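Numbering (the working numbering), first residue to last: 9 to 133.
Written out as C-alpha cells, the structure reads:
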C-alpha cells in the first residue's frame with residue numbers, strides 16, 4: 009500500500025509539471041522605463057511609465073506592476089502599485105517633496121516571469 013501511494017504521488021508530481029517546459033521556450037518579458045521630466049523640481053508632477061512587451065507585443069495582462077522609489081542615502085523606500093493604461097503601458101504620476109537623487113525600480117510579474125529594471129533620476133530645488 010505504501011509503495012503504491014508513493015508511486016501515485018510521483019505520477020501526480022510529474023503531471024503537475026507538464027507544460028512547464030513550454031513556458032520556458034517563450035520569449036522573456038521586456039520592461040522599458042520612461043521618465044517624462046528629468047530632472048524635475050520639488051513638488052512637480054512627473055510621469056513614470058513601464059512599457060511591458062513580450063516578443064515585441066504589448067503585455068496588457070501583467071499580474072503585478074509595482075514602482076519602488078528610493079532616495080539616495082535613505083534606507084526606506086516607497087512602493088506604489090500601478091495599473092495598466094493602454095498598449096502595455098503602466099503609468100504613474102507622482103511628485104516628490106525633497107530634492108535629491110532617486111532610483112525607481114519597476115517590479116513586473118507577467119506570464120510567469122519577473123523583471124526588475126531600474127533607472128536613476130534627479131529632483132532639484
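Beta carbons are placed, not taken as given, at the ideal position from N, Cα and C, and that holds for glycine. All values reported here derive from a predicted model rather than from experimental measurement.
Same chain, Cβ closer than 8 Å to residue i, neighbours up to 5 away in sequence not counted
i           : result
residue 126 : 41, 111, 112, 113, 114
residue 83  : none
Same chain only: Cβ atoms within 6 Å of residue i, ignoring 5 sequence neighbours per side
i           : result
residue 117 : 71, 72
residue 45  : 54
residue 104 : 131
residue 87  : 74, 76
Residue interval of the beta strand (DSSP E) (run including residue i)
i           : result
residue 99  : 97-102
residue 117 : 108-118
residue 105 : Run containing residue 105: none; DSSP gives neither H nor E here.
residue 121 : 121-123
residue 127 : 126-132
Per DSSP, cross-strand counterpart(s) of residue i
i          : result
residue 71 : Residue 71 pairs with nothing; no bridge assigned.
residue 62 : 37, 65
residue 85 : 78
residue 94 : 97
residue 53 : DSSP, once it has assigned bridges, lists no residue as partnering residue 53.
Sequence-distant residues of its chain with Cβ nearer than 7 Å to residue i (five each side left out)
i           : result
residue 35  : 62, 63
residue 123 : 37, 39, 116
residue 81  : none
residue 107 : 50, 131, 132, 133
### Task
Examine the Cβ distances between the segment 90-97 and the segment 58-66 and report whether three or more of them are shorter than 8 Å.
yes
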